[in-house]
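Chemist:
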Amino acid sequence: MKRLAGFAMGAVMLSSAGFAAEPVLKDQGDRASGVLHATRSAVLGVNGMAATSQPLATQVALDVLKQGGSAVDAAIAANAALGLMEPTGNGIGGDLFAIIWDPKTNTLHGLNASGRAPSGQSLGQLKARIAKLPRAVGDRDGTVPDWGALSVTVPGAVDGWFEMHGKFGKLPMQRVLAPAIRYAQQGFPVTEFIADGWARGIANFEKLAKAGAIEEIENMRRVYMPGGAAPKEGEVFKNPDLALTLIEIAEGGRDAFYKGSLAQAMDQYFRRIGAPHRLADFVAHQSEWVDPVSVNYRGYDVWELPPSGQGIAALQMLNILEGYDLKAMGRASPDFWHVFVEAKKRVFADRARFYADSAFVKIPLAQLLSKDRAAKQRATIDMAHAAKTDMPGLSIEGAGKDTIYMTVADKDGMMVSLIQSNYRGMGSGLVPDDGQGRTLGFMFQDRGAQFNLDAKQANAYAPGKRPFHTIIPAFLTKGGKPLMSFGLMGGAMQPQGHAQIVVNMIDFGMGVQAAGDAARFHHDGSTDPEGGAPMTDGGVLEIESGVPQSVAEALRARGHTVRYTTGPFGGYQAIWRDPDTHVYWGASEMRKDGQAAGY
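According to our numbering, the sequence shown is numbered sequentially starting from 657.
1) Cutting at 8 Å between CB atoms, please list the residues of its own chain near LYS788, excluding the five before and the five after it.
2) I'd like to know whether the C-beta atoms of LEU977 and ALA999 end up nearer to each other than 9 Å.
3) Inspect the beta-carbon positions of VAL832 and ALA906 and report whether they are closer than 9 Å.
4) Among the residues of its own chain, which have a CB less than 8 Å from the CB of GLY843, if the five just before and after it don't count?
5) What span of residues does the beta strand (DSSP E) with LEU806 cover, start to end?
6) Identify which residue in ALA1035, GLY745, GLU1198 has its Cα closest to the Cα of ALA1175.
7) Alpha carbon to alpha carbon, what distance is there between HIS994 and GLN715?
8) Can you list, in chain order, the residues of its chain whose CB lies under 8 Å from that of THR1217, leaving out five sequence neighbours each side?
9) Keeping to the same chain, check which residues put their C-beta closer than 8 Å to that of HIS941; ignore five residues upstream and five downstream.
10) Unbroken alpha helix (DSSP H) runs of length 4 or more, entirely within the region 956 to 1001: which are they?
11) With DSSP collapsed to three states, give me the class of THR1063.
12) Write down every uninterrupted run of the beta strand (DSSP E) in the region 759 to 837 whose length is 3 residues or greater and which is fully enclosed by it, in chain order.
13) Within a Cβ cutoff of 7 Å, which residues of the same chain sit near LYS658, ignoring the five residues on either side of it in sequence?
14) Taking buried to mean at least 16 other C-beta atoms within 10 Å of its own C-beta, is GLN710 buried or exposed?
15) State the DSSP-derived secondary structure class of ASP1180, mapped to helix, strand or coil.
16) Do the region 1129 to 1136 and the region 1106 to 1113 meet, that is, are 3 or more Cβ pairs less than 8 Å apart?
17) Determine, using beta carbons only, whether GLU872 and ILE929 come nearer to each other than 9 Å.
18) Check the C-beta distance from ARG910 over to PHE818 and give it rounded, since I have them as a contact under 8 Å.
19) In chain order, what residues of the same chain lie with their CB nearer than 8 Å to the CB of GLN781, ignoring the 5 residues before and after it?
20) Measure from the alpha carbon of GLY1143 to the alpha carbon of each residue in PHE753, SER697, LEU738, then state which is nearest.
21) Determine the burial state of GLY1226: buried for a count of at least 16 other Cβ atoms within 10 Å of its Cβ, exposed for fewer.
22) Whose CA, out of GLY1081, ASP981, MET973, lies closest to the CA of ARG1029?
23) Look up ALA713 in the DSSP assignment and say whether it is helix, strand or coil.
24) What does a CB cutoff of less than 7 Å around GLY1056 pick up in its chain, not counting 5 residues either side in sequence?
25) Whole angstroms is fine: what's the gap from MET741's alpha carbon to LEU1021's?
26) Tell me the DSSP secondary structure of ILE1199 in three-state form.
27) For GLU944, which beta-bridge partners are listed by DSSP?
28) Below 8 Å, can you find three or more Cβ-Cβ pairs linking the region 1169 to 1184 to the region 687 to 697?
Below is the structure:
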């Protein structure tokens, strides 16, 4: 049976080095209709739709919609549930970004709910503290440690909830947070993908503890290791400490977390472990409403949030790709994958140089998103050879995995594209307590690990500054009408994944589910905004088993280092809104535990 664009059904066995061995057949059935590589049909609904990375969280969102809640109410409820159910990816110790379509005004709203570095620590003091630390397992030279207090920035998610709720909420926050509180008290069965990540996260923290590379680990053990180990698939997990924290937030509002008893407890915890964070840092925190930015790709407007996030990298990639006839190339051709990867390399050179907190540096946004710049970058692509280094010669005048993505839509046409994260490896490893015998039930993020330690760089660490951020929500419109809220989590995979989803749908005509199920690439090794060694070897092109081996060999012949792997290829969710019938089409990532559901 013919497969779309030549994509085979064969899997690939991996050697210990991660390179492809002989392909073997996947033991899976065949679809009798639709795009044959799709894992299932899209989910359809009229009154509401939710797509999250955990089925119970999806049901929480639908329940809130059925109670008369808005899409924002449902998104907050599901996000709170995910913080409990998928602590490997998110929680109230992390940050949040959202794009919201308001049907009353036909307007997109953007929210940057990310936190900042402690105000009482200078760059010099941070470097001095890093110099005193033992070499941690997996840490990168010349960068902020991935774990422990020096990687922690003020969590922004809770403030983000209340900012969204204040503008678009219908139900009281007590009702919105009630499902997460109930699940935290009564427990829920842990799902497969999350259980695997949980076990790996715990193992990493134990290694860090043995190396003396983290300030304390007992609180993490109390919360996330019931019975002395990470919960296995199917095991019922409870988090009564988190339930109490969520009750305080539901009753006391955002001030309970940033000014009240919870903030004071966090202040005392940081003092006790010798961290620089103080109550004043929490009191000063606030989210920022921002205008989403867009480029037009073949008649469709693709929307992202401006930096401090990396969303515009997807837009820059699409600008470059628009100059190629990708449909004529076909997804089974080496040319298609080559131009995509080379576009990514050039855009990520800009990402490393310019993306940072716009409150501290001037970002040449209009020039970065211009079609003229894309044409100049496109002109540097050699169809016969892979670039080995970044492309620093294109100057601009005057220029200074662990995540969840979810989306919800309601009967009124409001659509929420939301992403939330603790960042690398479940977060910093630090779980605060109240000083009186109970933890607060959540882990602080380690987002500060994305700061650069070079004072000359745009993303250099500074007190009160937001680090460069990887998590990005996205949106698609045409002719001023909303079409799709979507996202694809996973560190540097995200803009690469966003661009691949858009190309799959617009260039290759795939539906919302098939676009996410198609084989992906992830290019690793570009120069990073957080520092470390610059790219000099062309990096590594990681691909999935759906990419034909003939393509992989042709790419190697052009100088790409190619590996077949099972990750990291992100976690995709999306909701498409038919502009004529207003029927919602929901899709959920087959690479995770998620579910799309509507009614």
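The C-beta atom is built at its ideal place from N, Cα and C for all residues, glycine as well.
Modeler: On the basis of the coordinates in this document:
1) Translated into the one-based positions of the sequence shown, residue 788 becomes position 132. Taken in chain order, the list of residues that qualify is empty.
2) Residue 977 sits at position 321 when you count from the first residue of the sequence shown. Residue 999 sits at position 343 when you count from the first residue of the sequence shown. In contact: LEU977 and ALA999 (Cβ atoms closer than 9 Å).
3) Stepping through the sequence shown from its first residue, residue 832 is reached at position 176. Stepping through the sequence shown from its first residue, residue 906 is reached at position 250. The beta carbons of VAL832 and ALA906 sit closer together than 9 Å.
4) As a first step, residue 843 must be located in the sequence shown, where it is residue number 187. Cβ within range, chain order: VAL892, PHE893, LYS894.
5) The count along the sequence shown starts at 1 and reaches residue 806 at position 150. Looking at the DSSP string, LEU806 is not in any beta strand (DSSP E), and its letter there is neither H nor E.
6) Counting from 1 along the sequence shown, the entry for residue 1175 is found at position 519. For the residues ALA1035, GLY745, GLU1198, the minimum Cα distance to ALA1175 belongs to GLU1198.
7) Here the question's residue 715 lines up with position 59 in the sequence shown. Here the question's residue 994 lines up with position 338 in the sequence shown. Going by the C-alpha atoms only, they are around 41 Å apart.
8) Your numbering for residue 1217 matches position 561 in the sequence shown. Closer than 8 Å at Cβ, skipping near neighbours: ASP1193, GLY1194, GLY1195, VAL1196, LEU1197.
9) Taking the sequence shown and counting its residues from 1, the one referred to as residue 941 is at position 285. So the list reads GLY771, ARG772, VAL810, GLY812, ASP815, TYR914, once near-sequence residues are dropped.
10) 967 to 977, 982 to 985
11) Sequence index remark: in the sequence shown, residue 1063 carries index 407 (1-based). In the structure shown, THR1063 sits in a strand (DSSP, three-state: E or B).
12) 763 to 769
13) Sequence index remark: in the sequence shown, residue 658 carries index 2 (1-based). Confidence at LYS658 is low in this model, with a pLDDT of 27, below 50, so the placement of that residue is unreliable and no value is reported for it.
14) The residue labelled residue 710 in the question sits at position 54 within the sequence shown. Its Cβ being crowded by 16 or more others within 10 Å, GLN710 is buried.
15) Stepping through the sequence shown from its first residue, residue 1180 is reached at position 524. Here ASP1180 sits in strand by DSSP.
16) no
17) As a first step, residue 872 must be located in the sequence shown, where it is residue number 216. As a first step, residue 929 must be located in the sequence shown, where it is residue number 273. Yes; because the gap between Cβ atoms is below 9 Å, this pair is in contact.
18) On the sequence shown, position 254 is the one that residue 910 refers to. On the sequence shown, position 162 is the one that residue 818 refers to. Correct: roughly 4 Å between the Cβ atoms.
19) As a first step, residue 781 must be located in the sequence shown, where it is residue number 125. Once the five neighbours on either side are set aside, the close Cβ partners of GLN781 are PRO932.
20) For this step, residue 1143 is matched to residue 487 along the sequence shown. Answer by Cα proximity: PHE753.
21) What you label residue 1226 is simply residue 570 of the sequence shown in a count that begins at 1. GLY1226 counts as buried, since no fewer than 16 other beta carbons sit within 10 angstroms of its beta carbon.
22) Along the sequence shown, one-based indexing puts residue 1029 at 373. Per the Cα distances, MET973.
23) Here residue 713 refers to the residue found at position 57 of the sequence shown. In the structure shown, ALA713 sits in a helix (DSSP, three-state: H, G or I).
24) Here residue 1056 corresponds to residue number 400 of the sequence shown, with the count starting at 1. Bear in mind that a pLDDT of 37 at GLY1056, under 50, signals an unreliable position, so the model cannot answer this.
25) Mapped onto the sequence shown, residue 741 falls at position 85. Mapped onto the sequence shown, residue 1021 falls at position 365. Per the coordinates, the alpha-carbon of MET741 lies some 37 Å from the alpha-carbon of LEU1021.
26) Mapped onto the sequence shown, residue 1199 falls at position 543. If DSSP states are grouped into helix, strand and coil, ILE1199 belongs with the strands.
27) Here the question's residue 944 lines up with position 288 in the sequence shown. Answer by DSSP bridge pairing, in chain order: ASN768.
28) yes
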